[in-house]
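Numbering (this note's numbering), first residue to last: 285 to 432.
By construction, the Cβ of each residue, glycine as well, lies at the ideal position given by its N, Cα and C atoms.
What follows is a single structure, written as structure tokens, with notes after it.
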Amino acid sequence: MMDEDVFYDTKSVPLSDRESFNNTILLLTMVKSQYYYIIGFSRPEETITIGFDFESKTEGVYTIEIVVDFKKSESDIIISGRIAEVMTLSPDKLLIAFERCAHLYNNNGILCYERRIAKDLVFPSSVKSMNDHMLEIRKEMKQTLSLL
């Protein structure tokens, strides 16, 4: 026998958050994979996991996953991801990376990225706006990785 609460309760999420989430899903189904792509999403968790592919001379092509979280904060969309283990990085290069990118931080030995985008409480984030943010995040990560 199935529970009656099988489907996502759309009334539990503000319209602007729901539409921003939907717009981001729409964007991720339209973009070229050379930039970024959708790995998965969870409506109940209000998260979308995105992959950025990068190329390295030593590692070949590798993916860094970021999570776009619409639920963690009432005022911001939080975009975060793990980049590398700090102990494998040169302290000098790590210092330069922190100086050049304000969105980096050390979380228990892991170099992480976090960006906050203010939620628009009246109108949802548009596809163009989210695309601009994703491209900027990818650019910052690529610059950071080139330093490491």
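Notebook entry, point to check: Exposed or buried, what is THR313 when buried is set at 16 or more other beta-carbons lying within 10 Å of its beta-carbon?
Noted result: In the assembly as shown, THR313 is an exposed residue. Its beta-carbon has fewer than 16 other beta-carbons within 10 Å.
Margin query: Suppose you measure from the CA of MET285 to the CA of THR331; what does that come to, to the nearest Å?
Written below: Note that MET285 scores 42 on pLDDT, short of 50, meaning its location in the model is unreliable and no value can be drawn from it.
Checklist line | Per-residue burial, SER359 [other beta carbons within 10 Å of its own, 16 or more giving buried] | finding: So SER359 counts as exposed.
Checklist line | Three-state secondary structure (DSSP) of ASP376 | finding: helix
Margin query: Please state the DSSP three-state secondary structure of PHE407.
Written below: coil
Check: Using 8 angstroms as the threshold, is the segment 362–369 in touch with the segment 386–401, meaning 3 or more CB pairs across them?
Finding: yes
Notebook entry, point to check: Between ILE334 and TYR320, which are expected to be in contact by the criterion C-beta below 8 angstroms, what is the C-beta distance as a whole number of angstroms?
Noted result: 5 angstroms
Margin query: Within a Cβ cutoff of 8 angstroms, which residues of the same chain sit near LEU378, ignoring the five residues on either side of it in sequence?
Written below: VAL370, LEU395 and LEU432
Next item on the list: May I ask which residues mark the beginning and end of the alpha helix (DSSP H) holding GLU303?
Entry: 299–314
Margin query: I need the straight-line Cα distance from PRO328 to SER413, nearest angstrom please.
Written below: 24 angstroms
Notebook entry, point to check: Do the CB positions of GLU349 and ILE323 come within less than 8 angstroms of each other?
Noted result: yes
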